[in-house]
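Enquirer:
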Amino acid sequence: MSEPGLLELSPILQGLRALNGWRQDVITGLHGMAAMMADLGLLPSGAMLQMETLAYETEQDSLRIAFVGEFSRGKTELINALFFSDMGTRLLPSGSGQTTMCPVEIRGAPQGRPGLQLLPIASRSLDVSIEKLKRAGSAWTRLPLPLEEKSELNQTLLHLTETVCVTVEDARRIGLCPPLNRTPKDRERTVCPSCGLGKVLIPRWRHALLYLAHPMLDAGLTVLDTPGLNAIGAEPELTFGMLADADAIIFVLGADTGVTQSDLTIWEQYLIRNAHQKQIVLLNKIDTLWDELRDWSGVVAEIEQQVDKTAERLHVLREQVIPVSGQKGLVARIRRDQKLLERSGMAALERSIAEVLLPARQAAIQAKCRALVERVVMDQKSLLREQMNRITVQMEGMRSLKDRTAEKVPELVEQHRRLLRSFEADRQAFEGKKAVFRQAVEDLLLVPLAPASFDFVISNAKAEMLSAWTTAGIVERFRRFFAEAIAHFDTALQGAQQVSELVAGEYQALQKHYRLPALRAVPYAIMPRRAELIDMAENYERFGMMLEIAVNTQSAVVRKAFLTVAGRTRDFVVETRREAEAWVDEIMAVMNQQLQAYHDSAEEELTALQSIVQTMGNIDTRIQQLRQNLQTAEEQVARLDHHAAPLLRLLREPFSAAR
Numbered sequence: 294m295s296e297p298g299l300l301e302l303s304p305i306l307q308g309l310r311a312l313n314g315w316r317q318d319v320i321t322g323l324h325g326m327a328a329m330m331a332d333l334g335l336l337p338s339g340a341m342l343q344m345e346t347l348a349y350e351t352e353q354d355s356l357r358i359a360f361v362g363e364f365s366r367g368k369t370e371l372i373n374a375l376f377f378s379d380m381g382t383r384l385l386p387s388g389s390g391q392t393t394m395c396p397v398e399i400r401g402a403p404q405g406r407p408g409l410q411l412l413p414i415a416s417r418s419l420d421v422s423i424e425k426l427k428r429a430g431s432a433w434t435r436l437p438l439p440l441e442e443k444s445e446l447n448q449t450l451l452h453l454t455e456t457v458c459v460t461v462e463d464a465r466r467i468g469l470c471p472p473l474n475r476t477p478k479d480r481e482r483t484v485c486p487s488c489g490l491g492k493v494l495i496p497r498w499r500h501a502l503l504y505l506a507h508p509m510l511d512a513g514l515t516v517l518d519t520p521g522l523n524a525i526g527a528e529p530e531l532t533f534g535m536l537a538d539a540d541a542i543i544f545v546l547g548a549d550t551g552v553t554q555s556d557l558t559i560w561e562q563y564l565i566r567n568a569h570q571k572q573i574v575l576l577n578k579i580d581t582l583w584d585e586l587r588d589w590s591g592v593v594a595e596i597e598q599q600v601d602k603t604a605e606r607l608h609v610l611r612e613q614v615i616p617v618s619g620q621k622g623l624v625a626r627i628r629r630d631q632k633l634l635e636r637s638g639m640a641a642l643e644r645s646i647a648e649v650l651l652p653a654r655q656a657a658i659q660a661k662c663r664a665l666v667e668r669v670v671m672d673q674k675s676l677l678r679e680q681m682n683r684i685t686v687q688m689e690g691m692r693s694l695k696d697r698t699a700e701k702v703p704e705l706v707e708q709h710r711r712l713l714r715s716f717e718a719d720r721q722a723f724e725g726k727k728a729v730f731r732q733a734v735e736d737l738l739l740v741p742l743a744p745a746s747f748d749f750v751i752s753n754a755k756a757e758m759l760s761a762w763t764t765a766g767i768v769e770r771f772r773r774f775f776a777e778a779i780a781h782f783d784t785a786l787q788g789a790q791q792v793s794e795l796v797a798g799e800y801q802a803l804q805k806h807y808r809l810p811a812l813r814a815v816p817y818a819i820m821p822r823r824a825e826l827i828d829m830a831e832n833y834e835r836f837g838m839m840l841e842i843a844v845n846t847q848s849a850v851v852r853k854a855f856l857t858v859a860g861r862t863r864d865f866v867v868e869t870r871r872e873a874e875a876w877v878d879e880i881m882a883v884m885n886q887q888l889q890a891y892h893d894s895a896e897e898e899l900t901a902l903q904s905i906v907q908t909m910g911n912i913d914t915r916i917q918q919l920r921q922n923l924q925t926a927e928e929q930v931a932r933l934d935h936h937a938a939p940l941l942r943l944l945r946e947p948f949s950a951a952r
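Read in order, the letters of the sequence shown correspond to residues 294 to 952 in the numbering used here.
(1) Between the segment 588–608 and the segment 537–552, can you find at least three pairs of beta-carbon atoms closer than 8 Å?
(2) Measure the CB-CB distance between glycine 619 and leucine 634 and report whether it falls below 8 Å.
(3) Mapping the DSSP letters down to three states, classify isoleucine 565 as helix, strand or coil.
(4) Let's see if you can read the secondary structure: which residues bound the alpha helix (DSSP H) around threonine 558?
(5) Measuring straight from C-alpha to C-alpha, what distance separates glutamate 872 and valine 702?
(6) Based on Cα-Cα distance, which residue from His936, Arg945, Leu941 and Leu919 lies nearest to methionine 329?
(7) Between which two residues does the alpha helix (DSSP H) carrying arginine 310 extend?
(8) Comparing C-alpha positions only, which one of Leu940, Leu453 and Gly788 sits nearest to leucine 738?
(9) Looking at the secondary structure, which residues open and close the beta strand (DSSP E) in which arginine 400 lies?
(10) What's the gap between the Cα of aspartate 630 and the Cα of arginine 636?
(11) As an exercise, report each continuous beta strand (DSSP E) stretch of at least 3 residues that is fully enclosed by the segment 587–624, in chain order.
(12) Taking 8 Å as the limit between beta carbons, can you name the residues of its chain near arginine 720, skipping five residues before and five after?
(13) Mind checking which residues open and close the beta strand (DSSP E) that includes phenylalanine 544?
(14) For glutamine 410, list the residues DSSP reports as bridge partners.
(15) When we look at the beta-carbon of proline 437 and count the other beta-carbons within 10 Å, is it buried (16 or more) or exposed?
(16) Measuring CA to CA, which of Glu597, Gln680, Leu347 and His324 is closest to glutamine 659?
(17) Using only CA atoms, which one of His500, Ile615 and Arg915 lies nearest to glutamate 530?
(18) Identify the continuous beta strand (DSSP E) that holds threonine 460 and give its terminal residues.
(19) Report the three-state DSSP secondary structure of lysine 427 (helix, strand or coil).
(20) Give the range of the alpha helix (DSSP H) segment to which leucine 705 is assigned.
(21) How many Å lie between leucine 933 and lysine 853 at the Cα?
(22) If we count the other Cβ atoms within 10 Å of its Cβ and call it buried at 16 or more, is proline 496 buried or exposed?
(23) Does the Cβ-Cβ distance between leucine 576 and valine 592 come in under 8 Å?
(24) Whole angstroms is fine: what's the gap from isoleucine 596's alpha carbon to valine 614's?
(25) Is the segment 409–420 in contact with the segment 498–517, if contact means three or more CB pairs nearer than 8 Å?
(26) By the three-class DSSP mapping on this structure, what secondary structure does threonine 784 have?
(27) May I have the straight-line CA-CA distance separating glutamate 717 from tyrosine 800, to the nearest angstrom?
(28) Is threonine 914 helix, strand or coil by DSSP?
(29) Nearest by alpha-carbon distance to glutamine 673: which of Glu301, Asp318, Ser338 and Trp315 is it?
(30) Beta-carbon within less than 8 Å of arginine 942's beta-carbon, same chain only, minus the 5 sequence neighbours each way: which residues are those?
(31) What is the C-beta distance between threonine 460 and lysine 492, in whole angstroms, given that I count them as a contact (C-beta under 8 Å)?
(32) If I measure Cβ to Cβ from leucine 642 and keep anything under 6 Å in the same chain, skipping five residues before and after, which residues do I get?
(33) Find the nearest neighbour of arginine 406 within the set Ala506, Leu940 and Met671, judged by alpha-carbon distance.
(34) My guess is that leucine 517 and methionine 535 are in contact by the Cβ rule of under 8 Å, so how many angstroms apart are they, rounded?
(35) Please work out which residues of its chain come closer than 6 Å, Cβ to Cβ, to arginine 357, disregarding the five sequence neighbours upstream and downstream, and give them in chain order.
(36) Please report the straight-line C-alpha distance between glycine 314 and valine 361, rounded to a whole angstrom.
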């Protein structure tokens, strides 16, 4: 059905393929680094697991672009023109009267099998997130996609535009109808006259998953098509989940209307709050300004004036505002009319996506991977250098010993035995204190982050939220909920400091007596996470200020808004607790390795001295053995550099579509 050659010159497809190829190289490098770590055996197994997990997450990564705007702004037509014009027709329904009524996620098809999954609107009455429902196959209506039969394909995709008439009470129960105190007196019994008395028209589906085997999607693109802006207030998970998780927001306005008040409200409340996101603003339907009776330069001047006004109203750079005509762009793509394509602005939009969004996605992956890779390389090099220093000291001791008389060697053997016995006694005492360490970790660090504690906080907050009667009451309860969550984080942070001091204090006694390597402080898992939680609190408090929540505090919207926020916060806490446990395990593992390394070195030294007692000729043998050990360690450093250098280059190189 598609024409493969039509997309080959698209800068978006070329950029996606380059990004995907780069990502595959990074994944290969991460797997190679994990294998080398296992081979060297220098770091705890948890570090290798982190590397493999990072490789998996990088493999699952995609560029997620969300299209947001009012009804009838042409979002769906823009998606057709940008990504699926090779189909030779409209993929998604976007004609007159064919408005997308629910959020639609467009993804690559698993095993190349296309399909459409639809979540019934009744699922809004469940206190279960859409993300969790995605794992419950029985909750969805599944339809095959007959890609080769154009009419059947169109009929299947028309399900995305379906609505259904329900009673006002049923609509209000699931949060899709204004509460009574917002309904005009003459329309209290019927909100939508077309449905009859006491009825209202609502979307049939809550969410849709569209799976397609397509070059754009296969190269790592995920597209989110949203219905009108009112869906943002009605579906909190769309606001706090899907839009927040998108890498880029494409905000679609009308060239004829510019920025309306509702556009501005949603832009300021939701779309500019995530610092990691890129935003592109589109002035769509510029063809409505084309006038055959006017000079073209005058039309261009009018469009440019609208661009200037939009940039000023939204407080964005002028380059972020792009005038386009999605409908003319689709026609130009299908007819291969290059002149019309340039005139439609679609070529400029494609370049913007390729030059702004794709490099930003690569930079995000680089930042995430580089932190772990650089730390792992540094830790392994540090351990190898420490090993090399110990070998060098032993070699100098052997050379010095060779110059002494043989009578002194037995005395050195006995001194070494006493030292080893003393070390073993101290080590056993240290091992005995680990139970105390673990209990301290549980009481001081893990208990404040226990999921059960947050379930209690959520339960209390939910009850108080639903009993609030004013906007101020709702906003205050949002604020108090996050204040309680942050208080738990602060308690855990203090506990982490106490645990760290307790463990380090015991280890330092051994370190000083036996000249062990210093215990490198493992970064706290909690401090940066606390900052993220504060950012979440500031963003989510805005939602409580929205009128449609405050006007009817018993509504489904209030309940689902809070449960969405609370659920994401709880997941955040559980993840933080898991990272804190990994932090403690890493400290313990590193200490064990340092103690075992000292023990092995001392045993090796004692064995060497005992051999020397038998024959002084063993000194030369021992020096040669140490020299070989030193050479092995140096080769391991070189090997580590050899493996890490290409991966680190990938994690620093700028984006290039020419890969």
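Using N, Cα and C, we set each Cβ at its ideal position, and we do this for glycine too.
Please read these numbers as outputs of a predicted model, since none were measured by experiment.
Expert: On the basis of the coordinates in this document:
(1) yes
(2) no
(3) coil
(4) 554–559
(5) 50 Å
(6) His936
(7) 304–333
(8) Gly788
(9) 397–401
(10) 10 Å
(11) 614–616
(12) Leu803, Leu888 and His892
(13) 541–547
(14) Arg435 and Leu502
(15) exposed
(16) Leu347
(17) His500
(18) 456–460
(19) coil
(20) 702–725
(21) 51 Å
(22) buried
(23) no
(24) 11 Å
(25) yes
(26) helix
(27) 14 Å
(28) helix
(29) Ser338
(30) none
(31) 6 Å
(32) Ile615 and Val617
(33) Ala506
(34) 6 Å
(35) Thr515, Ala539 and Asp540
(36) 29 Å
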